[in-house]
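Going by my numbering, the sequence shown opens with residue 122, and the numbers climb by one from there. All C-beta atoms, glycine included, are put in the ideal place defined by N, C-alpha and C. Encoded as C-alpha cells, the structure appears first; notes follow it.
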Amino acid sequence: MVLSDMASMRLIEDVYAYHGGLPLGCMYCVQGVKIVIFITGLCGDKCFYCPVSSQRLYKDVMYVDEEPLETIDDVIEEAYNIGAEGASITGGDPLLRLKRTIKVIKALKEVFGEDFHIHLYTSGRFLTVDVLVELERTGLDELRIHPTTQELWSRVELAVKHSRSLDVGVEVPVFPDKVEELWKMMLWLDRIGVKFINLNEAEVSEHNVEQIMSRNYSMAKGRPVIKGSEEAAIELVKRATRHGLKMKVHYCPARFKDYVQMRLRLIRKAMRLAKYYENVTRDGMLEYFEVLHGVEDKVLADIGEATGGKLLLPTRLAREMGLMGRIVRRYPSLRGRGLPIEIESVSKKSYDAA
Ligand code: SF4
C-alpha cells in the first residue's frame, strides 16, 4: 500500500502541521488519489506571488496532472490510470470557464459515482449565488476560496451563507511579515463558519521570483520557497490550537506537493500502466531493459517483448543473465506515450565493476 511508504510518512511527520484535522480534499491529496485538472489559465487577478508558469497563466489552456488535455476523455482516462478517488480543479480561475468546469464535474461524477470527491479553487471574484448553486447542484464537494484582496472576503461570506452541502474553505500563501493580518482574517473566518483554512508555504518560481525579490523577501536555503513562510504558518497553526478555533487549520508545505503528493500519484499510475516486462521505481518511473542484439534468441523473446528489432525484458532478469544493453526509464503518461527520459548503458564493463 502506497501510504505506508516510509519516506513519505517521515516527511509528513517532520513538516506537517494541522489543527482540528485535515480538510476532506486534502485527505485524498496526501494519498496521491486525486487528479489535478488545470481548467484554464485565465484569471481576473494579478497576484505578485502567483506561482503559475508563464506558459499557462492568462492563457486558455488545459492540463491534467501536467499533461496537455484535449478532451474530457483525457480527464476520465487519467483518473482511471491513477485509480483516482477524487479531483482538484484549479487554474487561473475555473469560474472564468464555468461551462467547461461544470461539464468536467458532471462527467467525473457520472463515470466514477457520487463519492468521487471534487474540490475547486477560485479567488471568488466571479462567484455569485447563481454560480454557487449551479456548482453545488452539479455535485461539487468543496470550494476553496483564495481571497486575493480584502474586498473579496465578502465572497467567502456569500459562499458560507448560501451553500447547503458544499464545504467552504479558504486557501492562502503565508508571508512571514503578514502573520497578524492573516490571524485577524482567521478569527473572522472562524466566526462566520468557514470549515477550514489551508496555509500554503509561499513558493518561489521562475515566474514570480523577480516580483518576490523586489518586495524584500528572500529564498529559503536550498528550497524554492520564501524564507520564514513555514515558521509563520506553523505559528498560526499553534495559535489556532491555543485559541480553540472551530475551523480546521492546515499547513501544507511546498515540498509536500512534489515529494509526496505527486510521487504517490506517479507510483499509482505506473503500477496500473506497467507492462509485464516493466518495473516501477521509487520515483514512479517505469523501467525496462532493452537487450542488444537479443531478438534472435527465441527463449528470451518468449519471456520479454520483441518489438521493432529490440527485445525488452525486466531489468532484474536481464542483469541476472548478464545481458548487454540499456536500461530505459520513463514517466508513465496518458495512453502510455511517455518518452524515455533516462537511459543507462549496461556493458561488459558494468558487470566487471560490480
Ligand atoms: S488568483 Fe491564483 S491564478 Fe490568479 S493570479 Fe492570483 S495566484 Fe495566480
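Residue of the options minimising C-alpha distance to residue i
| i | options | result |
| --- | --- | --- |
| residue 308 | 365, 256, 148 and 336 | 365 |
| residue 166 | 215, 303 and 352 | 215 |
| residue 234 | 200, 322, 380 and 210 | 200 |
| residue 340 | 226, 324 and 285 | 324 |
| residue 405 | 160, 288, 384 and 239 | 384 |
| residue 312 | 256, 369, 285 and 334 | 369 |
| residue 137 | 371, 380 and 425 | 371 |
| residue 262 | 270, 147 and 244 | 147 |
| residue 244 | 347, 213, 374 and 389 | 213 |
| residue 395 | 236, 185 and 202 | 202 |
| residue 240 | 251, 250, 249 and 259 | 259 |
| residue 171 | 438, 191, 464 and 295 | 295 |
| residue 386 | 144, 164, 186 and 223 | 186 |
| residue 270 | 363, 306, 393 and 157 | 306 |
| residue 289 | 279, 298 and 191 | 279 |
| residue 425 | 450, 399 and 347 | 399 |
| residue 204 | 429, 449 and 393 | 393 |
| residue 429 | 397, 414 and 250 | 414 |
| residue 367 | 388, 379, 380 and 310 | 310 |
| residue 388 | 403, 438, 379 and 184 | 403 |
Residue i: CB within 7 Å of a non-hydrogen atom of the ligand SF4
| i | result |
| --- | --- |
| residue 173 | yes |
| residue 167 | yes |
| residue 214 | yes |
| residue 373 | no |
| residue 244 | yes |
| residue 147 | no |
| residue 269 | yes |
| residue 164 | yes |
Anticipated Cβ contact below 8 Å, residue i with residue j, distance rounded
| i | j | result |
| --- | --- | --- |
| residue 273 | residue 247 | With 8 Å as the limit, residue 273 and residue 247 do not qualify as a contact, their Cβ atoms being about 10 Å apart. |
| residue 446 | residue 412 | 4 Å |
| residue 322 | residue 375 | 4 Å |
| residue 252 | residue 219 | 6 Å |
| residue 297 | residue 350 | 6 Å |
| residue 317 | residue 144 | 4 Å |
Close beta carbons around residue i, own chain, < 6 Å, minus the five adjacent residues each side
| i | result |
| --- | --- |
| residue 242 | 211 and 265 |
| residue 126 | Because the pLDDT of residue 126 is 40, which lies under 50, any placement of that residue in the model is unreliable, and the question is left without a value. |
| residue 142 | 369 |
| residue 89 | Residue 89 is absent from the structure shown; the chain starts at 122 and stops at 475. |
| residue 130 | Unreliable placement is indicated for residue 130, whose pLDDT of 40 sits below 50; no coordinate value is reported for it. |
| residue 391 | 401, 405, 407 and 453 |
| residue 169 | 332 |
| residue 336 | none |
| residue 319 | 292, 371 and 373 |
| residue 358 | 138, 140, 370 and 372 |
| residue 300 | 353 |
| residue 122 | Confidence at residue 122 is low in this model, with a pLDDT of 29, below 50, so the placement of that residue should be treated as unreliable; the coordinate-derived value is given next. Taken in chain order, the list of residues that qualify is empty. |
| residue 463 | 450 |
| residue 128 | At residue 128, the pLDDT of 42 sits below 50, so the modelled position is not reliable; the number obtained from the coordinates is stated separately. The answer is none, since no qualifying residue turns up. |
For residue i, the residue or residues it bridges with in DSSP
| i | result |
| --- | --- |
| residue 340 | 347 |
| residue 294 | 321 |
| residue 175 | BP columns for residue 175 are empty, so no partner. |
| residue 240 | 209 and 263 |
| residue 424 | Residue 424 is not bridged to any residue. |
| residue 408 | 400 and 450 |
| residue 224 | DSSP output for residue 224 lists no bridge partner at all. |
| residue 156 | 208 |
| residue 289 | 264 |
| residue 185 | 158 and 188 |
| residue 370 | 140 and 318 |
| residue 466 | 447 |
| residue 95 | With the chain covering 122 to 475 only, the question about residue 95 has no answer from this structure. |
Cutoff 8 Å: residue i Cβ touching any chain C Cβ
| i | result |
| --- | --- |
| residue 237 | This model lacks chain C altogether, as it is built from one protein chain only. |
Contacting residues, own chain, Cβ-Cβ under 7 Å from residue i (five flanking each side not counted)
| i | result |
| --- | --- |
| residue 149 | 155, 206, 207 and 238 |
| residue 257 | 284, 285, 286 and 287 |
| residue 124 | The predicted position of residue 124 is uncertain, since its pLDDT is 35 and thus under 50; a value taken from the coordinates is nonetheless stated next. Here the set comprises 152. |
| residue 276 | 245, 248, 266 and 268 |
| residue 471 | none |
| residue 63 | As shown, the chain starts at 122 and ends at 475. That puts residue 63 outside it, with no answer to give. |
Sequence-distant residues of its chain with Cβ nearer than 8 Å to residue i (five each side left out)
| i | result |
| --- | --- |
| residue 182 | 159, 161, 162, 176 and 189 |
| residue 254 | 283 |
| residue 229 | 196, 197, 200, 208, 237 and 239 |
| residue 440 | 410 and 467 |
| residue 329 | 169, 170, 171 and 172 |
| residue 193 | 224, 225 and 228 |
| residue 178 | 162, 164, 171, 213 and 328 |
| residue 469 | 445 |
| residue 355 | 138 and 372 |
| residue 345 | 324, 325, 326 and 375 |
beta-carbon residue i near the ligand ZN non-hydrogen atom, thresh 7 Å
| i | result |
| --- | --- |
| residue 418 | With respect to small molecules bound, the structure shown includes the ligand SF4 and not the ligand ZN. |
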